[in-house]
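Single-structure report; data block below.
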Amino acid sequence: MKSLLAEFKEFINRGNVIDMAVGIIIGAAFTAIVTSLTDDIINPFIKLITGGAGTDVAGLTIPVPGTENGIDFGAFISAIINFLIVAWVVFMIVKAFNKMKDGTAKLPFRKNAKGEEVIEHAPTCPFCLEEINVGATRCPHCTAELPAPAEVTIEIVKK
Numbered sequence: 050m051k052s053l054l055a056e057f058k059e060f061i062n063r064g065n066v067i068d069m070a071v072g073i074i075i076g077a078a079f080t081a082i083v084t085s086l087t088d089d090i091i092n093p094f095i096k097l098i099t100g101g102a103g104t105d106v107a108g109l110t111i112p113v114p115g116t117e118n119g120i121d122f123g124a125f126i127s128a129i130i131n132f133l134i135v136a137w138v139v140f141m142i143v144k145a146f147n148k149m150k151d152g153t154a155k156l157p158f159r160k161n162a163k164g165e166e167v168i169e170h171a172p173t174c175p176f177c178l179e180e181i182n183v184g185a186t187r188c189p190h191c192t193a194e195l196p197a198p199a200e201v202t203i204e205i206v207k208k
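Residues 50 to 208 (our numbering) make up the sequence shown, in order.
Encoded structure:
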């Protein structure tokens, strides 16, 4: 039976935990940049366009008796803009990472047993031409039944 400390050390030493920690730190720093962008650039620009006055965005605060700030729709709109910018950037980073990961997984040139350079092409559906998994008997994209299980095709590169 492992001690709690040994289990914790094993957990921390996993690469994905370190990657997650770095991601959280960078995400927090990026969120601060986006907040500054919305508070210091976008909100004043909205005020300029709409003629808003005061500290709220375009005068979108409704006073509520007994509260100091009231209902601040401007702050809510700023939070939505913050979220959309952060979500878009995270989406683009994940998309770029996946593209990079897919690119390194499919090295175009390999050598066969005879020493010839070959290119392996992932199987594609003959109906919709989308990439499918090796061994698939039905396309996950168009749901067409394939005539035979999907196989990798190999092309020998001639120099």
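Glycine included, every Cβ here is placed at the ideal spot set by N, Cα and C.
Taking DSSP's pairing of strands, which residues face residue i in a bridge?
| i | result |
| --- | --- |
| Lys160 | Glu166 |
| Ile205 | Val167 |
| Glu194 | Arg187 |
| Ile120 | Ile111 |
| Thr173 | Glu180 |
Please report the straight-line C-alpha distance between residue i and residue j, rounded to a whole angstrom.
| i | j | result |
| --- | --- | --- |
| Ser127 | Ala70 | 27 Å |
| Glu179 | Glu165 | 28 Å |
| Thr87 | Thr192 | 45 Å |
| Ile130 | Val143 | 20 Å |
| Thr110 | Phe122 | 6 Å |
| Phe94 | Ala124 | 14 Å |
| Cys177 | Thr186 | 14 Å |
| Lys163 | Val206 | 12 Å |
| Ile181 | Pro196 | 14 Å |
| Asn62 | Ile74 | 18 Å |
| Ala154 | Pro189 | Its pLDDT being 49, under 50, Ala154 is placed unreliably by the model, and nothing is read from it. |
| Phe132 | Pro175 | 41 Å |
| Ile90 | Trp137 | 18 Å |
| Ile41 | Phe57 | Residue coverage of the chain in this structure runs from 50 to 208, which leaves residue 41 outside it and unanswerable. |
| Ile82 | Met141 | 17 Å |
| Lys51 | Ser85 | 47 Å |
| Leu53 | Glu194 | 51 Å |
| Met149 | Phe79 | 22 Å |
| Asp68 | Gly115 | 46 Å |
| Phe146 | Glu117 | 45 Å |
| Ala55 | Gly72 | 25 Å |
By Cβ distance below 7 Å, which residues in the same chain neighbour residue i in space, the five residues on each side in sequence not counted?
| i | result |
| --- | --- |
| Val183 | Pro172, Ala199, Glu200, Val201 |
Can residue i be considered in contact with the ligand MN, in the sense that its beta carbon sits closer than 8 Å to one or more heavy atoms?
| i | result |
| --- | --- |
| Ile111 | Although the ligand MN was asked about, the structure shown includes no ligands whatsoever. |
Taking 6 Å as the limit between beta carbons, can you name the residues of its chain near residue i, skipping five residues before and five after?
| i | result |
| --- | --- |
| Thr104 | With a pLDDT of only 48 at Thr104, under 50, the local geometry of the prediction cannot be trusted, and the value read off the model is given with reservation. Correct list: empty, nothing qualifies. |
Kindly list the residues whose CB is nearer than 8 Å to the CB of residue i, restricted to its own chain and excluding five residues on each side of it in sequence; keep chain order.
| i | result |
| --- | --- |
| Val139 | Gly76 |
| Ile203 | Asn161, Val167, Ile168, Glu169, His170 |
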